Structure formats: structure tokens, C-alpha cells
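S.K.:
There are 2 protein chains.
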Amino acid sequence: MLVQYNRRVMAAIEKVFLSVVLSALMIVGAAYKAQANPDLTPEELAKAKGLYFNRCAGCHGTLRKGATGPNITDVNLKQKNYDTNIIKAFVTNGTGGGMPSFGSDFSAEDIELIANFLQQAPPAPPEFSLAEMKESWRLIVPEAQRPKKPEHNRNWQNFFGIVLRDAGKVAILDGDTKELVSVVDTGFAVHILRSSASGRYFYSIGRDGKSTMIDLWMAKPDKVAEAKTCFDARSIDSSKYKGKKGNFEDKLAIVGCYWPPHFVVLDGQTLEPKKVVSTRSYSYDTNEYIPEARVAAIISAHKEPEWIINVKEAGYIWAIDYSDIKNLKITQVETERFLHDGGWDATKRYIQMAANMRNKMVIVDSVTKKQIAQIETGNKPHPGRGANWEDPEFGPVTATPHLGEGLVAAWGSDPKGHPKNAWKVVRKVETLGGGGLFVKTHPKANHVWVDHTLNPDDKIKRSLCAFEKHHPEEKPQCWQVADHGRVVHMEYNKAGNEVWVAVWDKVGELVIYDDKTLKEKSRIKGDWLVTPTGHFNVYNTMTDTY
Amino acid sequence: MLVQYNRRVMAAIEKVFLSVVLSALMIVGAAYKAQANPDLTPEELAKAKGLYFNRCAGCHGTLRKGATGPNITDVNLKQKNYDTNIIKAFVTNGTGGGMPSFGSDFSAEDIELIANFLQQAPPAPPEFSLAEMKESWRLIVPEAQRPKKPEHNRNWQNFFGIVLRDAGKVAILDGDTKELVSVVDTGFAVHILRSSASGRYFYSIGRDGKSTMIDLWMAKPDKVAEAKTCFDARSIDSSKYKGKKGNFEDKLAIVGCYWPPHFVVLDGQTLEPKKVVSTRSYSYDTNEYIPEARVAAIISAHKEPEWIINVKEAGYIWAIDYSDIKNLKITQVETERFLHDGGWDATKRYIQMAANMRNKMVIVDSVTKKQIAQIETGNKPHPGRGANWEDPEFGPVTATPHLGEGLVAAWGSDPKGHPKNAWKVVRKVETLGGGGLFVKTHPKANHVWVDHTLNPDDKIKRSLCAFEKHHPEEKPQCWQVADHGRVVHMEYNKAGNEVWVAVWDKVGELVIYDDKTLKEKSRIKGDWLVTPTGHFNVYNTMTDTY
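Listed in order, the protein sequences are those of chains A and B. Residues in the first sequence are numbered from 1 upward in steps of one, following the numbering used here. Residues in the second sequence are numbered from 1 upward in steps of one, following the numbering used here.
The structure is reproduced here in C-alpha cells:
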């Protein structure tokens, strides 16, 4: 099943595709310029709000001012002379810049509705207070009633948590035996999982702001607490600092929200919401007020009692000292706008975050709490948490794939040992095309893996590439993983010799590869495996190994 | 002119006055409950917005959700069945709780207009970006063109800056000779002055958010720079830290704004706006989003590169480390809601801030950055910056007067030397009645002085009280200062042996007393002396001596 694509051919195809779409849009646009802005009934409005929130707000924002996607306020669309038909064409076909095509997901009616909705002023979204969060809070199994030691003999540090997105569930699999251990009902569209510092608990965050806590020591792992902290969220993490003065292991959790734009500190044992802090703020550069300055990613420090969050639209990275939550100390580091995702370097000193609409990675030193570099990597970097390895020529490097082009860019991330290479792109590895969401490797692995999940081409979006980290100069091997769905996200087992990959489809699959040979070892299927997306190994997630 | 009032008699008069007003309001209210909410023409709306902003927003908030005054949103007024006539009665007569009477300041037409305006939803106030601030910025005399040493032989550290509120001017007086040195055109309603660390510059802040910088070394002191940083402001201060690593003397300034709710860092030499940080945040207690969380007061640290600001409606005190303004470090200390004004203890370690709608002073340790006490002092404490002295029985104390009662309360503020008295009210000194805005003393002074500026009684609002700090158990001496206007604010000269007091009236006065004898030494008049309010001695302001 090993297939090699020529990247230049693919890029050419993509360009042709784009220019055809754009020409069509311009013709349609000229013909329909005069069309009026249509009214919606209350029922239509409610439906449109739901569709927009679920599928559009992530990239364009609840207030539509743009972030990973462009500004699509009614005012802006009008200025560009984008009417119903132009907007419909965009929604249906997507763009080469990373906008997915919704032509197969949405009905023609829905697309019409969304196009009309976008031409009206964005409705004011509601606030959400601590009292409302506490009302939603359910402590299902109190601490005292939880097991004192694991109730099973499984190697739970090698468990995998699999997000079953559209089912609103998380599956727990045994990474040693590949058995399904449990399917936990977490609710709407889980975005990610993070492990508590001890690894015992998985915290999940749904795109609707609901967080769930799963106890892996239970005979059949299940959720022990849940709490809704906002209407729209993407990030959650745990307190990972083991210090002299106090041990924060599993003591606290944090959720980063999109709407309302804030972060919430929760009790790490119960998910009880404790404290809310607004991230509505001024942009770092023009110092304009940004009512929708959202938290896109959180990185938990291991060496300090700190969470690192980004404030996406404002271009700030905040280091939040959680040692005293009644007196939070927040260092607000100016970086670059439209921050999205990122992770640690191998030593866990340097925070590396994508400002993807600026085609940059920004680097913040977690010790000095200052930005030390910005790296132009390519068209819309989307690293996930990135991948760290020891490059044979350049020493320790970190890499990111890109939404906008088929490129893994790696930069030196060891300013002490390899100062010449530090924060410079030293490797460029061509992949099959844009739409890459994740790159992954492991300290004990041989390969670096990359996906193409959002590529508009069916073959490419279902293909992976992998290259040897000891021979990164060699062309990567690329192959199609499945003939359906989209292939997304790679995760190693604890030992670092197997790679798990998801086939994101209504009837999904998990494909497990041998990292050394790139050979398929196992293919997991089952009626429970509905729309698998992210999947998280306990040990690698708790230790931030990537 | 020394007159003694009996406090109990005055309190009784006040009670009768209040109950008469309230009864009248209830009768009127019952009669007019059915009255409709009237519409305003655009011209009326514009006028009402101006009136409200200038005279009401300070206490009730631009969004009318309340702070020092109660919530007066249209929704809230309707719930209370307050219609046009009830509202008019409140505006005309004021209340005993600190609401001034506007019957003599506003025309009947204006009062009608305001009452109608308040029954409509508050208009959305505009934002204000750094670009707009920079547009307003005028560097009138660049640093290179300023004198290298004082161009006069006056003892400029004993200069007084006198706010001429309604004239939009600041007068500079020579504290040694009492001569008028200069009248500087600063613009609309200056609220306060603060000195730069060196004392050379006065920074003023207008209630319209315009800051002005006056160079006292010029032959005729004049403004050298100005910048508008918001639409509504109350506080400004300078960088006062002289550290090992860097000297911040006169390097930076900060303005705290009411609307938009933010603070702005400016260049201390030029007033160039550099950075804007939002204070819109969640309340410390219920963690509800507060869109109008305003900066009411700023205290500049001498021992650290820090400004201490309060976030009034949210109940937080923020310690802002300004050593690196690209990476501001802000410690957000939970205290109590509706913070207003305050100052240092004598050692400049403890921040003492009034939460006046909670009848409390809150105490924050600037070293540990934690709240260490809350003190119930009386009905709506309003300390200004407070007064520090060595009490003969209780050791170092700090005191506040009250808006809601005729009381100076003093608490122990030396937890190391006098731990038993620390943060407990140890002295209560009765004054003539409520409406007190300021209390003042000086390390070299004999007396502690207090005003009654907002008292509804004509005699009381024009009277001062003073008591001996070495004999605080003795009844204070109280006397009427003038037979017109309101008497407000006391300030010592540099030597600490004279007290300057303002008679706040269209044709105002400055009255200078001997601190030892309480005898009037001098009375300054002049057609330039229009509505004098706050007055600031350079040395005492630069050193935070109070």
C-alpha cells in the first residue's frame, strides 16, 4: 500500500483547483452583487447559530472577527462584495488556504442558511459565571469512593484514550493488548485529552466547554466528574509541578475557553470550578481592544507551578503561576497574533507556539518569561504539540507541519548546545501537500510522522508520510492509510516503537504501525469506533513526550 | 472663627432630613408609578450623555451598574418602581449615603432630562485604541529643549499644584512665598496631580482621560506634553523605584481609566502612550464577568518597580511589575469589591485601600502580594491616601474619614512592632458629620485634619476638624472655614508646619493654617482661583508623605 506522490504535481493540481474555484466565484459574484441581505426566521436563526458555532466559530470566531480563518463579519463580507452565492461557493468548496469544504457535510439548505446568517450582524453571545459552572458540575464518584490502587492488572500507563468525536465518547484502549477497555460517555465533540501529572486521570474537553475526568484505575475506567466551564473550548491541562514547597500533582486543572474568552481553574480531583479569569484584552501590536481574545492552547510546566496559555487574537502568551490561586501571578509576554497550538522543546524550557496566520512559530523562554525568537516556517504552521528529535547534523530540533503547504519545517531548539542553529529552520521535508495538522515522534523512535488531514484531495488527506530522524535528508515515505475518511493524528505507545493513527470517518479505524519498519501491525475496527480523531497515550501525555 | 458642633445634634438633623426626603419620594412615587418611559431626541440624548458622563458616571459607572453609588440601570430603576419624578427628587436632593444634591448645579430642565435618560438603556460607550491615543499625543517641549537645571531660584520642592477644576487649569504656587508662579492650561476637570519621582514634573489627569505633564524647572512652569488615554479617568502616577538594576526615576507614567476600563503605560519623559492593558475581568467573589471593571486608584511603589492599581468593581488589587513593559508581570490579589482610594502605611510596605461600598479597608502586603486583613471602619470609608501617624498608645496607625458618617477611624498599621493592634480599629474620632473625603497629617505635624466636603449641610460642608495626634483622645477642634462653596482637601507644605485648604467655589479660596496653633496664616484669593479642589505639594507627593 506504499504510494509515493510527487509534491510538485500535487501543488500544481491544487493551484489549478484554486484558480478555477476563484474564477467561478468572481463570475458568480459579479452576477449577484445586487442581491439583498435576507432575513431569517427565529427557527432559522437558531439553526444557523448552531451550525456556525459547531463548524465555523473555531477558526473565524464567535464574533466572526477572524483568527485561523479570515474576518467574516457582515460588514467585512459586504465590503468585499461577497453575497449569498459567493459565500455558498466558499462554504461548499473550501479554499486552498486551509478552509475545509463543507459540501459533503452540510445540506444545500444548510449552506444557504449559513450564507444568509453570515450577512447579518453576529448575535451577542452570552456570558457564563462561576455559579452557572457550579450548577453544571457533577461529582459522580467522590475521591473517597475511588480505588486506592488500580483495580486491574493492566499496564495503564500504556493506555490510549481515543476521542470518538461525533459519538461524544472517549474509548480507553490497552496499548499492550490493543483491547477495548471502556467507552466513556463524555458528551459533545471532545477536542482533546490531557493526562493528570500522575497519569491516573484523563481530562477531556469538549468543544462545548464541558470537561470530563476519567479514572483509569477503575476496573472499567469511567468518568468520575464533569463540569461545563464555557460554551466553546479547545484546551485543558493539569498541574504537573512537583516542587519542594508543595506537590501540585493532580491538584488542579485548567480549561482554556473560546467563548466566553477566559480560563477557568478547577479542582484537579473533583473538577469543581474554582476561579475564572478573563482573557479579553488588547492586541500586543496595535493595542486595540479585542473582545474575543481566546485561549487556544495550554502547556503545563513541569519545572514550575505554571500553566502557559496563549491569548490567540491578542498575540500574547501568558505564564500563569498557580501556586496561589487567590493571588494569581500572570506574566503577559508579547509575541505574535493569532496564536494557535504548540508545545515544549525536548528540555521543557522553551515554549514553541504557532502564530499560524502569521506563518510563524514564536519561542518564549519559560525561565526568563520573554520571547526570544520568531521563526518563519511556512504557510500556516500547525504543529499540534510539535515533534522533538536529535538531528544528526543540527542537534536537537523541533518541527511543525503546515496547513497551507506540504512541508515539515524543523528548527534548532538547543540554544546552549547548538547556538548557531537555534531558532533557525534547518530542515525542510516535503510532504504530499497542505492540510497537515500533526507531526509526531518519540525519543526512542526511528521516524517522524506527519498527516495531511485537511488536504482537499481525497488521496492526500488519507495519506501519511514518515521520514527517518537519523536520515532526515532522505525523501520521506508516504502512503495511503485508508480509502475512506480522513487520516489524522499520530501517537506513540509508551515504548516508542508503535504509532497509532486514526481514520476519521463515521465508521472509523485505528491503524497501528511499527515505527522501525513502517509496516502495519494491526487495524482496529468496531461499531464503537465512530469518528476517531485525537488519541492520547497516558505516559507520553503525562510526561509531555513528543 | 472657631466653632464647635455637637455631632449627635448634627446626626439627628441629618436623619430627619433623610426621612423627610424619603417620605416625599415615596408619596411622589406612588402617585406617578404609571408614567411611561419617555423618548429623547438625538440632541437631548447627546446632552444627557454629557451630563451623565460628567457628573454621574464616576460613582454609578458608564454602564450604570453601580460602584460607589448604587446600580441605576433602566432595568433596576424599573424594578424599584423609580419613575421620572422619584429620580428627579434623588438628583435634586441627594441622599445621606453620599449622593450629592445637584439641585443647585443642574437646571430643572437638566434634571428632567437626566431622569428620562436614566430610564433608557445605557448607550454603548466607544473603545479607544493606542493609535487614537497617539493621535491625541502632543510633545510640546521635547526633552532636549527643556532646562538642564531650574531656571528660577525658587524652592520648587515646596511648590503646590492647585487643581482649578471647572477652569480646566492647574495653578502652580510657591509654598515658601505663597506667590502664584504659573497657571497652566490642562483642559477639562483635572482630577488629581502626581509628582514624578524626582519631583520635577507634575502629571495631571483629567476626568476626560487627558493627561498633562508640567515641568517645574521652567522659568514659568508650563505643560511640556499631553495625551488622552481614555474618555474617563481618575488616576495617574509615576515610576518611583530606584533599584540596583535600573533607575526608573521619571521613566514611566501610568493612567488608570474608568472608560474604557484599562490602564495605559506612558513614557514618563514625553507622555507617549506605550501600552494598554484591559481590566475588564471577573469579580473575585462570584466570578461574574464585569464589563466595567475600572481603575479607581494607583499607588506607586518605592521599593520595587511596581504600580499597585485597584480594579474597582471586580474587587482585585493588581501589582504591576513595570521593569519590562513588553512582558508585564501582574499579580491579581483578591480583596473586596468596589475599591476606591487608598495609600501606603508609613513604611510603604502595606497597601491600604477602601472598599467603600463594603464599609471596609483592605490591606495587602506589597512584599508577599497577598491580602492580609480587612478592617470594618464605618459607613463608606474614603481615605484619599489616608493619614499615618504614631499614636501615643497604639503605635503607628493609619486613618480614614467616611462618606456616610462623621467618623475618622484609625487602625494599627505596624504588624511587626505592634502586632496586637495591627489591622484593628484602635481610635474613633467623631467629626461634624458624613461627607468626609480626606484626612491628612505629616510626620512633622502636630495635628490630623479632616474635611466634610460632601455633607449636605452648608455649615458642615464648609467646616474642618483637626485633632492632636499626640492626644487623639481629646475632642477635635472644628470650625467653619468659609461662608461659601465646599471646603475640600488638606495638604501640608514640605516642612509639615502649614496646612493648605481649598474653598471649592466658582470664586474659590486657599486658606493656609499653622498646624501647631490651628490659626489662619493666610488666605489666597484671585480671579484665577476658579473652583480649586485638590492641591499637591511637590515634596510630599513625590515621597508619598501623608
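Ideal placement from N, C-alpha and C gives every residue a C-beta, glycine not left out. Please read all numbers here as calculations on a predicted model, not as lab measurements.
#1: Hey, is residue 207 of chain A's beta-carbon within less than 8 Å of any beta-carbon in chain B?
#2: Quick check on the burial criterion: 16 or more other C-beta atoms within 10 angstroms. Buried or exposed for residue 79 of chain B?
#3: Rounding to the nearest angstrom, what Cα-Cα distance links residue 276 of chain A and residue 267 of chain A in this structure?
#4: Using the rule of at least 16 other Cβ atoms within 10 Å of the residue's Cβ for burial, across every protein chain shown, is residue 367 of chain B buried or exposed?
#5: Given that residue 287 of chain A touches chain B, what residues does it touch there, using C-beta distances under 7 Å?
#6: Determine which residues of the region 311-333 of chain A have a Cβ less than 8 Å from any Cβ of chain B, and write them out in chain order.
#7: Just to confirm the assignment: which complete beta strand (DSSP E) runs, minimum length 3, are found wholly within the region 275-349 of chain B?
#8: Anything in chain A within Cβ reach of residue 369 of chain B, meaning under 7 Å, just list it in chain order.
#9: Report yes if the C-beta distance between residue 235 of chain A and residue 250 of chain A is below 8 Å; otherwise report no.
#10: Is residue 156 of chain A helix, strand or coil by DSSP?
#11: Out of A:524, A:529, A:283, A:86, point me to the one whose CA is closest to residue 506 of chain A's CA.
#12: For residue 104 of chain A, count the other beta carbons within 10 Å of its own beta carbon; 16 or more makes it buried, fewer makes it exposed. Which is it?
#13: Hey, how far is the Cα of residue 22 of chain B from the Cα of residue 112 of chain B?
#14: According to DSSP, simplified to helix, strand and coil, what is residue 43 of chain B?
#15: Rounding to the nearest angstrom, what Cα-Cα distance links residue 295 of chain A and residue 169 of chain B in this structure?
#16: Using the beta-carbon count (16 or more within 10 Å), is residue 75 of chain A buried or exposed?
#17: Under a three-way DSSP split, which group does residue 371 of chain B fall into?
#18: What is the DSSP secondary structure of residue 460 of chain A, counted as helix, strand or coil?
#19: Give me, in chain order, the residues of the same chain whose beta-carbon lies closer than 6 Å to that of residue 219 of chain B; leave out the 5 immediate sequence neighbours on both sides.
#20: Can you list, in chain order, the residues of the region 246-263 of chain B whose Cβ is nearer than 9 Å to any Cβ on chain A?
#21: Which residues in chain A sit within 8 Å of residue 281 of chain B, going by Cβ to Cβ distance?
#22: Which class does residue 240 of chain A belong to by DSSP, given the choice of helix, strand or coil?
#23: Report the rounded CA-to-CA distance for residue 162 of chain B versus residue 199 of chain B, giving the unit in angstroms.
#24: Have a look at the DSSP bridge pairing and note the partners of residue 396 of chain A.
#25: Kindly indicate which three-state DSSP category residue 32 of chain A falls into: helix, strand or coil?
#26: Using 7 Å as the cut-off, classify the Cβ of residue 153 of chain B as near or not near the heavy atoms of the ligand COA, replying yes or no.
#27: With a threshold of 8 Å on Cβ separation, who are the neighbours of residue 189 of chain B within its own chain once the five nearest residues in sequence on each side are excluded?
#28: Pair every Cβ in the region 444-459 of chain A with every Cβ in the region 117-128 of chain A, then say whether three or more of these pairs are closer than 8 Å.
#29: For residue 523 of chain A, does the count of other Cβ atoms within 10 angstroms reach 16, so buried, or fall short, so exposed?
#30: Using 8 Å as the threshold, is the region 168-185 of chain B in touch with the region 212-229 of chain B, meaning 3 or more CB pairs across them?
#31: Any contact between the region 124-136 of chain A and the region 488-504 of chain A? By contact I mean 3 or more CB pairs, one from each, below 8 Å.
#32: Below 8 Å on the Cβ atoms is my guess for residue 302 of chain A versus residue 244 of chain A; work out the distance and round it to an integer in Å.
#33: Taking DSSP as the reference, what is the three-state secondary structure of residue 536 of chain A?
#34: Taking its Cβ as the centre, do 16 or more other Cβ atoms sit within 10 Å of residue 527 of chain B, making it buried, or is it exposed?
M.R.: Considering the structure as presented:
#1: The count along the first sequence starts at 1 and reaches residue 207 of chain A at position 207. The Cβ of residue 207 of chain A sits no closer than 8 Å to any Cβ of chain B.
#2: Residue mapping note: residue 79 of chain B aligns to position 79 of the second sequence, counting from 1. Result: exposed.
#3: Residue mapping note: residue 276 of chain A aligns to position 276 of the first sequence, counting from 1. Residue mapping note: residue 267 of chain A aligns to position 267 of the first sequence, counting from 1. So the alpha carbons of these two residues sit roughly 12 Å apart.
#4: Mapped onto the second sequence, residue 367 of chain B falls at position 367. Its Cβ having fewer than 16 others within 10 Å, residue 367 of chain B is exposed.
#5: Translated into positions along the first sequence, residue 287 of chain A becomes position 287. By Cβ distance, chain B contributes 129, 130, 275, 276.
#6: Listed in sequence order: 324, 326, 327, 328, 329, 330, 331, 332, 333.
#7: DSSP runs (the beta strand (DSSP E)) wholly in the region 275-349 of chain B: 295-300, 306-311, 316-321, 327-334, 339-344.
#8: Your numbering for residue 369 of chain B matches position 369 in the second sequence. Result: 327.
#9: Numbered from its first residue, the first sequence carries residue 235 of chain A at position 235. Numbered from its first residue, the first sequence carries residue 250 of chain A at position 250. Inclusion of residue 235 of chain A and residue 250 of chain A in the CB contact set at 8 Å is not warranted, their separation being larger than that value.
#10: As a position in the first sequence, residue 156 of chain A is number 156, starting the count at 1. Helix, per DSSP.
#11: Locating residue 506 of chain A in the first sequence gives position 506, counting from the first residue. For residue 506 of chain A, the closest of A:524, A:529, A:283, A:86 by C-alpha to C-alpha distance is A:529.
#12: Counting from one through the first sequence, the residue named residue 104 of chain A turns up at place 104. By the Cβ neighbour-count rule, residue 104 of chain A is exposed, with fewer than 16 other Cβ atoms within 10 Å of its own.
#13: As a working mapping, residue 22 of chain B is identified with position 22 in the second sequence. As a working mapping, residue 112 of chain B is identified with position 112 in the second sequence. Annotation note: pLDDT 44 at residue 22 of chain B (below 50); position unreliable, coordinate value reported separately. It is roughly 19 Å from the alpha-carbon of residue 22 of chain B to the alpha-carbon of residue 112 of chain B.
#14: What you label residue 43 of chain B is simply residue 43 of the second sequence in a count that begins at 1. In the three-state reduction of the DSSP assignment, residue 43 of chain B falls in the helix class, which pools H, G and I.
#15: For the purposes of this step, residue 295 of chain A is taken as residue 295 along the first sequence, with counting starting at 1. For the purposes of this step, residue 169 of chain B is taken as residue 169 along the second sequence, with counting starting at 1. Rounded to whole angstroms, residue 295 of chain A to residue 169 of chain B spans 45 Å at the Cα level.
#16: Taking the first residue of the first sequence as position 1, residue 75 of chain A is located at position 75. Taking all protein chains shown into account, residue 75 of chain A has fewer than 16 neighbouring C-beta atoms within 10 Å of its C-beta and is therefore exposed.
#17: One-based indexing of the second sequence puts residue 371 of chain B at position 371. Assigned with DSSP and collapsed to three states, residue 371 of chain B falls in strand.
#18: The sequence position of residue 460 of chain A within the first sequence is 460, counting from 1. Residue 460 of chain A falls in the helix class under three-state DSSP.
#19: Position 219 of the second sequence, counted from the start, is the residue given in the question as residue 219 of chain B. Only residues of its own chain outside the window of five on either side were considered, and among them 151, 152 have a CB closer than 6 Å to the CB of residue 219 of chain B, listed in chain order.
#20: Cβ contacts with chain A: 260, 262.
#21: If you number the second sequence from 1, residue 281 of chain B lands on position 281. Near residue 281 of chain B (Cβ distances below 8 Å), the residues of chain A are 277, 278.
#22: The residue given as residue 240 of chain A occupies position 240 in the first sequence. Reduced to three states, the DSSP call for residue 240 of chain A is coil.
#23: Translated into the one-based positions of the second sequence, residue 162 of chain B becomes position 162. Translated into the one-based positions of the second sequence, residue 199 of chain B becomes position 199. Their Cα atoms are separated by approximately 15 Å.
#24: Taking the first sequence and counting its residues from 1, one reaches residue 396 of chain A at position 396. As DSSP reads the structure, residue 396 of chain A sits in a beta bridge with A:390.
#25: By one-based count along the first sequence, residue 32 of chain A stands at place 32. With a pLDDT of 37 at residue 32 of chain A, under the threshold of 50, the modelled position of this residue cannot be trusted, and the question is left open.
#26: As presented, the structure is devoid of all ligands, the ligand COA included, so that no description of it is given.
#27: Residue mapping note: residue 189 of chain B aligns to position 189 of the second sequence, counting from 1. So the qualifying residues of the chain are 54, 165, 166, 168, 206, 207, 208.
#28: With a cut-off of 8 Å, the region 117-128 of chain A and the region 444-459 of chain A do not count as touching, because too few Cβ pairs lie within range.
#29: Here the question's residue 523 of chain A lines up with position 523 in the first sequence. The Cβ neighbour count for residue 523 of chain A, taken over all protein chains shown within 10 Å, is under 16; the residue is labelled exposed.
#30: Touching, yes, given that three or more Cβ pairs across the two stretches are closer than 8 Å.
#31: By the Cβ rule, the region 124-136 of chain A does not count as touching the region 488-504 of chain A, because fewer than three pairs are nearer than 8 Å.
#32: As a working note, residue 302 of chain A is residue 302 in the first sequence. As a working note, residue 244 of chain A is residue 244 in the first sequence. A Cβ-Cβ distance of about 14 Å is found for the pair residue 302 of chain A and residue 244 of chain A, leaving them out of contact under the 8 Å criterion.
#33: The count along the first sequence starts at 1 and reaches residue 536 of chain A at position 536. In the structure shown, the three-state DSSP call for residue 536 of chain A is strand.
#34: Residue 527 of chain B sits at position 527 when you count from the first residue of the second sequence. Exposed is the call here.
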